[in-house]
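Visitor:
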RNA sequence: GCCGGUGUGGCGGAACAGGCAGACGCAACGGACUUAAAAUCCGUCGGUGGCAACACUGUACCGGUUCGACCCCGGUCACCGGCACCA
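Residue numbers (this note's numbering): 255 to 1056.
1) Taking DSSP as the reference, what is the three-state secondary structure of residue 740?
2) Suppose you measure from the CA of residue 732 to the CA of residue 702; what does that come to, to the nearest Å?
3) Classify residue 1001 as buried or exposed, calling it buried when 16 or more other Cβ atoms lie within 10 Å of its own Cβ.
4) Quick one: measure Cβ to Cβ for residue 870 and residue 864, integer angstroms, because I've assumed they're closer than 8 Å.
5) Report, in whole angstroms, the separation of the C-beta atoms of residue 755 and residue 794, which I expect to be a contact under 8 Å.
6) To the nearest angstrom, how far is it from the Cα of residue 891 to the Cα of residue 901?
7) Going by alpha carbons, who is nearest to residue 597 out of 836, 614, 472 and 350?
8) Looking at C-alpha atoms only, which residue of 603, 569 and 623 is the closest neighbour of residue 636?
9) Relative to the C-alpha of residue 744, which residue among 844, 678, 409 and 913 is closest?
10) Taking only runs of the alpha helix (DSSP H) that begin and end inside the segment 330-385, which ones reach a length of at least 4 residues, in chain order?
11) Can you name, in chain order, every residue of its own chain whose Cβ lies under 6 Å from the Cβ of residue 257, other than the five neighbours on each side?
12) Specify the secondary structure class of residue 849 as computed by DSSP and reduced to three states.
13) Thinking residue 592 and residue 509 are a contact (beta carbons under 8 Å), I'd like their distance in whole angstroms, please.
14) For residue 250, does the count of other Cβ atoms within 10 angstroms reach 16, so buried, or fall short, so exposed?
15) Beta carbon of residue 676, beta carbon of residue 720: below 9 Å?
16) With which residues is residue 440 paired in a DSSP beta bridge?
17) By the three-class DSSP mapping on this structure, what secondary structure does residue 1012 have?
18) Express the C-alpha separation of residue 330 and residue 849 in angstroms, rounding to a whole number.
19) Closer than 6 Å by C-beta to residue 287: which residues in its own chain qualify, once you throw out the five before and the five after it? Chain order, please.
20) Could you check the C-alpha separation between residue 516 and residue 667 for me, to the nearest Å?
21) As a quick exercise: from 416, 478 and 858, pick the residue whose alpha carbon is nearest that of residue 432.
22) What is the residue span of the beta strand (DSSP E) that residue 978 lies within?
23) Compare the C-alpha of residue 829 against each of 619, 842 and 430 and name the closest.
24) Are the segment 268-280 and the segment 333-351 touching, with three or more C-beta to C-beta distances below 8 Å?
25) When the Cβ atoms of the segment 346-363 are set against those of the segment 260-272, are three or more pairs found closer than 8 Å?
26) Applying the criterion that 16 or more other CB atoms from any shown protein chain within 10 Å of the CB defines a buried residue, is residue 909 buried or exposed?
27) Leaving out five residues on either side along the sequence, give the residues of the same chain with a beta carbon under 6 Å from the beta carbon of residue 503.
28) Contact check, residue 994 vs residue 1005 under 8 Å by CB: the rounded distance?
29) To which residues does DSSP link residue 784 through a beta bridge?
30) Would you say residue 1030 and residue 1022 are within 9 Å of each other, going by their C-beta atoms?
31) Using C-beta distances below 8 Å, list every residue in its chain close to residue 459, excluding the 5 sequence neighbours before and after it, in chain order.
32) Might you give, ordered along the chain, the residues of its own chain that have their beta carbon closer than 8 Å to the beta carbon of residue 932, omitting 5 neighbours on each side?
33) Short check: CB of residue 1058 to CB of residue 819, under 9 Å?
34) Using the three-state DSSP reduction, which class does residue 417 fall into: helix, strand or coil?
35) Within the segment 556-608, note down every full beta strand (DSSP E) run reaching 3 residues or more, in order along the chain.
36) Note down, in chain order, each residue of its chain lying with its Cβ closer than 7 Å to the Cβ of residue 390, except the 5 sequence neighbours on either side.
What follows is the structure, given as structure tokens:
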């Protein structure tokens, strides 16, 4: 049995769009439900087979919530600024805007062909000036509050994109996007002070329902550690401050290490006998890419500062100072105290440079290797700390440092401020003007959006300046503050800017006076359910939480967290179990699947393929099972018997299935929900099916396969769309069979299965169990020691030979 | 190295407050229909032995707790994801 999916699907897609059944009501007495998917980047490659998985999942949730009477907002838009579009535009001499429009058109057609119940009336696009006006507005607010600042610092520079990258965009020392080498460069950059929110970004995770692995990954990325800053003296009189998590090991310090970029090096240039050698080392370190720096990590390198020494505050010992690139300028103070007895890196360095190693916590053999497992134990060789437990030593040294004014407690984070400038064309212009007299001055709000100028060439420049730097008409302006000639900032914002607040725009997409109205935000926020990829955990998800907290602080939104719930989907892999890619030749095109099997089959298979949270390989043959199921549903309509109530034969199964499907959707167990409906239709084949039963099945299946089910519902004579039909209800009492099968074990081994009445008492169950032939045989000649009866499940006879 | 996660038939995967392991689907095999094939329908389908009833065995590996363990505890191995010279 085949059904004409092509015409059916087109018909219903058109009808849904025209009737606006999936458009959210802006004002409503109904309870709201805000479902969010990560809006796509409209790439030239078109929709990937992986896209429909999370989209269909939340589509199912949204459709069910609507049928349950909720006012559902399930919006869609385009995260359209970004490098691939710009690169394509350069290569083919087309304006990035045109490329974007074309790609959006294609994506839109593809998404609509899947029958997703998006509210297309709220479609947004981050490259629309009416949208990025508000991205710029948020940036100005950040600037106003001192959270955006410009600084010169070593940055990650992608040699191919000719652009700086945020730390989060560098993966294994190469560019996350293009895989090219990333090197360090000194550049003046706009930064966002995300570190100011580090603690709150950790703390507030307690208030939201995110997948645990999302939470831990964010916590690890933020990387909070507690320790102390300790002031060492130097022979030059300066204080050399270090950060350590183990101030209790101060007596084990045998040398110090400074990062090659540490400012004291130049400050002490006259005193350092081998300053040229040190400078050469620094140059060498700067030349290395991050990749090389980590590659070489087994072999420690460094140079001793000749003629300068540090002084340990606990015992006034003079100790040598080294420069080594294993110490990072960007974390802590850029200098460390080295305790080779209890730190692997320090131990390796000490061995290489033949430095003394002192044991300060007993228990290891520091001559052989660093004893790092020393969170407990007893202090040795440690002056006034000797004999104390590590725990007590920590308290004692903390007190001592504070009394002596030589140090204090300190919390550090691995998280660094967000590098916000990009030297590219296709992004939001940063709305600031530089005036010789007034410094950086914001473009007045009334002049927003500050539009991207039309330019002829978007080529990135080799000197690291934005293509906008060539656009003199646009750059030269007057200072909004004093009226003198001034220049515009030519860097643009990163792609993550527009996506850091997009969910707020969906709420009120055409508002010209605010990013969204207060009433709308009050009604719709927070997002009730946000599903997206794990790869965004430390990027988009963290950035948008940061922006939202900022918006909360300035009174734009009434809650500190944007997303009440965050889930994640697994990747769809190629048939061979590898990641899909052109080069591997294992790419599946969703258009082809829709063409051959229809959108309903695609949707169903995307959900049936496996555990939603886990990666799963595509199978060109397994999808046929989903098509067969829909064919059987379509064929069933000819066998439907009249009947407005569930038949006795099917009643329990109906209630069970409604319960199962309802719960499974909420728990993202879409695969077992489908399995339950497949089982139901198998039962219909045996018992027959009446109209009431068929209608219920169609309603349950509607969120999964909306086109076919709407069509069959109409064929049944219904004038109301399933989309506007109430979600079926079940009666808990009727989900239980009147007779249950009970497994019977003898000494834990299964011997038989007996059917008893659901309300049978223990004795009746025991009697029935013992009456089973195989069981009786196993019990023969045995002493029954004990009988375990679990009602409705199992009987276990514990026996011993007589 | 550190932090998460996962190991179940030929395959995707079910079952986890400890209670019939393998639901549902794919593939395969046998049969029906057909001139034939496709499609469809019926049946078999973890392994070993047996004509069968049934017996033994089986959820990465070793051990433990329990009447009973895929599930809990201790240890080992493998794979996947994240972080990684963060002091």
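Note that beta-carbon positions come from the ideal geometry of N, C-alpha and C, so glycine has one too.
Treat the numbers as computed from the prediction; the structure is a model and nothing was measured.
Guide: According to the data block:
1) Locating residue 740 in the first chain gives position 486, counting from the first residue. If DSSP states are grouped into helix, strand and coil, residue 740 belongs with the strands.
2) Walking along the first chain from the start, residue 732 turns up at place 478. Walking along the first chain from the start, residue 702 turns up at place 448. The alpha-carbon separation between residue 732 and residue 702 amounts to approximately 16 Å.
3) Reading the first chain from its first residue, position 747 is the one you call residue 1001. Answer is exposed; the Cβ neighbour count stays below 16.
4) Indexing the first chain from 1 puts residue 870 at position 616. Indexing the first chain from 1 puts residue 864 at position 610. Contact holds; Cβ gap of about 4 Å.
5) In the first chain, counting from the first residue as 1, residue 755 sits at position 501. In the first chain, counting from the first residue as 1, residue 794 sits at position 540. That belief does not hold up - the Cβ atoms of residue 755 and residue 794 are roughly 11 Å apart, past 8 Å.
6) Locating residue 891 in the first chain gives position 637, counting from the first residue. Locating residue 901 in the first chain gives position 647, counting from the first residue. Answer to the nearest angstrom: the Cα atoms are 17 Å apart.
7) Within the first chain, the letter at position 343 stands for residue 597. Looking at the Cα atoms, 614 is the closest of the given residues.
8) Locating residue 636 in the first chain gives position 382, where the first residue counts as 1. Checking every option, the nearest Cα to that of residue 636 belongs to 569.
9) Position 490 of the first chain, counted from the start, is the residue given in the question as residue 744. For residue 744, the nearest C-alpha among the options comes from 678.
10) Whole alpha helix (DSSP H) segments, 4+ residues: 337-346 and 350-366.
11) Position 3 of the first chain, counting from 1, holds the residue named residue 257. 888.
12) Residue numbering aside, residue 849 sits at position 595 when the first chain is read from its first letter. Residue state, collapsed to three classes: helix.
13) The residue you call residue 592 lines up with position 338 of the first chain. The residue you call residue 509 lines up with position 255 of the first chain. Indeed, because the Cβ distance is near 5 Å, the residues count as touching under 8 Å.
14) Coverage of the chain is limited to positions 255 through 1056, which leaves residue 250 absent and any answer about it impossible.
15) Position 422 of the first chain holds residue 676. Position 466 of the first chain holds residue 720. A distance below 9 Å separates the beta carbons of residue 676 and residue 720.
16) As a working mapping, residue 440 is identified with position 186 in the first chain. Per DSSP, 408.
17) Position 758 of the first chain, counting from 1, holds the residue named residue 1012. Coil, per DSSP.
18) As a first step, residue 849 must be located in the first chain, where it is residue number 595. As a first step, residue 330 must be located in the first chain, where it is residue number 76. Using only the alpha carbons, I get a separation of about 24 Å.
19) Taking the first chain and counting its residues from 1, one reaches residue 287 at position 33. Within the same chain, and ignoring the five residues on either side of residue 287 in sequence, the residues whose Cβ sits closer than 6 Å to its Cβ are 319, 324, 326 and 782.
20) Numbered from 1 along the first chain, position 262 holds the residue referred to as residue 516. Numbered from 1 along the first chain, position 413 holds the residue referred to as residue 667. The C-alpha of residue 667 is placed about 19 Å away from the C-alpha of residue 516.
21) The residue labelled residue 432 in the question sits at position 178 within the first chain. Answer by Cα proximity: 416.
22) Stepping through the first chain from its first residue, residue 978 is reached at position 724. Segment: none, residue 978 is in no beta strand (DSSP E) and carries neither H nor E.
23) Along the first chain, read from residue 1 onward, the residue named residue 829 stands at position 575. Nearest of 619, 842 and 430 to residue 829, Cα basis: 842.
24) These segments do not touch.
25) Look at the beta carbons and you see the segment 346-363 not touching the segment 260-272: under three pairs across the two are nearer than 8 Å.
26) Counting from one through the first chain, the residue named residue 909 turns up at place 655. The residue in question, residue 909, is buried, as its Cβ has 16 or more Cβ neighbours within 10 Å.
27) To locate residue 503, count along the first chain from 1; it is residue 249. Cβ-Cβ distances below 6 Å link residue 503 to 593, 596 and 614 in the same chain, with the five nearest sequence neighbours on each side left out; the list follows chain order.
28) Sequence index remark: in the first chain, residue 994 carries index 740 (1-based). Sequence index remark: in the first chain, residue 1005 carries index 751 (1-based). With a Cβ gap of about 18 Å, residue 994 and residue 1005 do not count as contacting.
29) If you number the first chain from 1, residue 784 lands on position 530. The bridge partners DSSP lists for residue 784 are 290 and 820.
30) As a working mapping, residue 1030 is identified with position 776 in the first chain. As a working mapping, residue 1022 is identified with position 768 in the first chain. Not closer than 9 Å, so no.
31) Your numbering for residue 459 matches position 205 in the first chain. Excluding its 5 nearest sequence neighbours in each direction, residue 459 has C-beta neighbours in its own chain below 8 Å: 469, 472 and 473, listed in chain order.
32) Your numbering for residue 932 matches position 678 in the first chain. Within the same chain, residue 932 has close Cβ partners 883.
33) Since the first residue shown for the chain is 255 and the last is 1056, residue 1058 is missing from the structure and cannot be characterised.
34) Counting from 1 along the first chain, the entry for residue 417 is found at position 163. Correct three-state label for residue 417: strand.
35) The beta strand (DSSP E) runs of length 3 or more contained entirely in the segment 556-608 are, from start to end of the chain, 557-565, 572-577 and 589-592.
36) Translated into the one-based positions of the first chain, residue 390 becomes position 136. Once the five neighbours on either side are set aside, the close Cβ partners of residue 390 are 682, 685, 702, 703 and 704.
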